[in-house]
Structure formats: structure tokens, C-alpha cells
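Asker:
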Amino acid sequence: MVQTLSTLAIIFFALLGATVVFYLTQKNQTNKDFSTIQMRVKTWWGMFVVFCFATLFNPMISLLSIMVLSFFALREYFSMMKTRKSDRRLFLWSYLMIPLQFYWILIGWYGMFIVFIPIYVFLFLPLPRIIGKGTIGFLRSVSFTQWGLMLMVFGLSHLAYYQIATPTYGPNLVLFLIVLTQLNDVYHYLISLYIGKRKIIPSANPYMTWEGFVIALLLTMVSSFLLYPFLTPFDLIFGILSGVIISVAGFVGGLTISVLKRDLLIADVEKRELLKGRYLSRIDSLTYTSPIFFHIIRYFFDFM
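As numbered in our numbering, residues 267 to 570 make up the sequence shown, in order.
1. Less than 7 Å between the C-beta atoms of residue 555 and residue 516, yes or no?
2. In terms of alpha-carbon separation, which member of 356, 424, 446, 433 lies closest to residue 492?
3. The alpha helix (DSSP H) with residue 455 in it runs from where to where?
4. Give me the DSSP bridge partner(s) of residue 467.
5. What is the DSSP secondary structure of residue 403, counted as helix, strand or coil?
6. With a threshold of 16 other CB atoms inside 10 Å of the CB of residue 489, please say whether the residue is buried or exposed.
7. With H, G and I counted as helix, E and B as strand and the rest as coil, what does DSSP make of residue 325?
8. Which same chain residues end up closer than 7 Å to residue 428 when comparing Cβ atoms and leaving out the 5 residues on each side of it in sequence?
9. Tell me the residue span of the alpha helix (DSSP H) that contains residue 563.
10. For residue 368, does the three-state DSSP call read helix, strand or coil?
11. Output the distance between the C-alpha atoms of residue 533 and residue 485, rounded to the nearest integer angstrom.
12. From the DSSP output, in three-state form, read off residue 418 for me.
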């Protein structure tokens, strides 16, 4: 408990310092767009509160929080789609899959957790769309829905499974993953904002540059090197390698979600601006880093 309280105290003061620095910088540099950083800072404080309750009181709070996050992320994802009346039943069944996915986590049934959405839901979810609803738009509706379930539910649900897979290290591993994922996003954004020249996908995200990717990768490696002795049981090599894994996975996740949102909202500028600071913009990288980091750890380490 003493170690946990010390870790939480360090995180609190680090967040407080980052918040003060951000607001001072924003006040002095009014010509820069810091909306993404502002959004991240608010997200950090929310995650910190959830993590405090989860580690000090009951891991169930963490599981329920992530389940609610998955629900709102999936709902926001569906709101970007131009839907037909025939799609509503499909969406309803998708929402019902969320508590089932988290129930497998709660009872520790890893086999069902890992195949439920990728196999069973993939095979049987189209039935509500097929029966009595015709064939028009079938493939688009089903594929769109499956993509949402894989990213917003299956991907994010791994965050809840860390504590079930390894009660001893789980909470700290989740903290380690979230901190590095968020830091990598901020590094990438700031480097791209100040010195980024070569944009990767200017039509979808003007703040993603190759300079940002490379420097963020190096800085995330350094951050991982500094954090791993306090939050993980890893050795030096995997402690540094964790920064590489999380940085690359987070980059691919952010890139994919940016293109996806641009594709779906290409003709709806008003809705694109409305959704700019919502859930998908805050957890885009986590949809990739959570499952990838989880399965790499599970493959190489016995404690998972």
C-alpha cells in the first residue's frame, strides 16, 4: 500500500506540473493550436481518478469504467455512420455484446474472452441484419459494425483484463501502458506542431508528421526506460523495448482512427468538428496499444 500511495503521489504531482506548464504555455503562445493537448490533460485527470479508485478500493471499478468507456466510444463511432432504419437492430445487438465481453473478463475465462468478438460475434452478428431486412447495404453495415466492435470493445477491453491476468502487476502495467501511450501522443503532437514538415496524411490529420513519429519514438523509449523499474517487473531490454512497441502501436492506432473518421465524415464538416474532442480522439491510440502490449507480454512472460 505504501508503494502504491507513493506512486499515486508522484503521478499526481507530475500531472499537476504538466497542467500548470500547459496553461502557462497556452497563455503565452496564443498563435498555436493546443486543443489536442488540452483534451489530453483532461483525459489524464479522469484516468488518474479512475486508477486511484481501482487500485485503492476495488478493481471492479476499473472494469466497469472501461466497460462504460467502450459503450460511449462505440456509440460515438456509430454516430459517424450514415445509417438506415435496418441498421438499428444490428447496433442494438452490438451494444448487448459489451457486457458479455466484460463478463468473460470478470470470471477470468481467457479462451472465450479472446474469441468471442473476433469469431462468434463476427459469424452470428449479421443475422439480425439479414432476417427481414434485405440485401441493400448489407456488407457496409456488417463490416462497419464489426470494425467498431473490434476496436472500441475488443481492443479496449484488454485494459480490464490486465488486473485479472496478473493481480500483482496488473494495475501498474495498465498505468505504465496508459502513461506511455498518452506521452507518445503528446510528444508526436508537439514535435509536429513546432518542427514537423513532412505530413503523413494531411487530408485526415495535419498534426501527424514523420518528424513527430521518429522523435516521439525516441522520447517514448526514454520515458519507458525511466518508468519501467517502478511500474513493471521487466528487465532493461524489455523495459526499453516496451517504449518502442507502445509508440509504434499508438502511431498506427492514431493513424487508422484519423483516416477512418475522415472517410466517414468527409462530407459532414459540422459533425467532424463536433466529434473532434470526444471519446475517439482520446482513446484512438489505446485501441491498438492495449491488445498488442497485452499479448506480447503474455507470450514472453509467465506471470500473465
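Just so it is clear, CB atoms sit at the ideal spot from N, CA and C, and this is done for glycine as well.
Keep in mind the model is a prediction, meaning the values are calculated, not measured.
Answerer: So, to answer that:
1. Position 289 of the sequence shown, counted from the start, is the residue given in the question as residue 555. Position 250 of the sequence shown, counted from the start, is the residue given in the question as residue 516. Cβ distance < 7 Å, so residue 555 and residue 516 count as in contact.
2. Residue 492 sits at position 226 when you count from the first residue of the sequence shown. It is 446.
3. The count along the sequence shown starts at 1 and reaches residue 455 at position 189. That run of the alpha helix (DSSP H) goes 436 to 460.
4. What you label residue 467 is simply residue 201 of the sequence shown in a count that begins at 1. The partner list for residue 467 (beta bridge, DSSP) reads 471.
5. As a first step, residue 403 must be located in the sequence shown, where it is residue number 137. In this structure, residue 403 counts as coil in the three-state DSSP scheme.
6. Here residue 489 refers to the residue found at position 223 when the sequence shown is read from its first residue. So residue 489 counts as buried.
7. Within the sequence shown, numbered from 1, the residue matching residue 325 stands at position 59. Helix, per DSSP.
8. Start at 1 with the first residue of the sequence shown, and residue 428 comes out as number 162. Excluding positions up to five away in sequence, the list reads 436, 439, 440, 560.
9. Position 297 of the sequence shown, counting from 1, holds the residue named residue 563. Unbroken alpha helix (DSSP H) run through residue 563: 552 to 566.
10. Counted from its first residue, the sequence shown places residue 368 at position 102. Looking at residue 368 - three-state DSSP - the assignment turns out to be helix.
11. Looking up residue 533 in the sequence shown gives position 267. Looking up residue 485 in the sequence shown gives position 219. Only weak support exists for where residue 533 lies, its pLDDT of 47 falling under 50; the coordinates are left without a value.
12. As a first step, residue 418 must be located in the sequence shown, where it is residue number 152. Correct three-state label for residue 418: helix.
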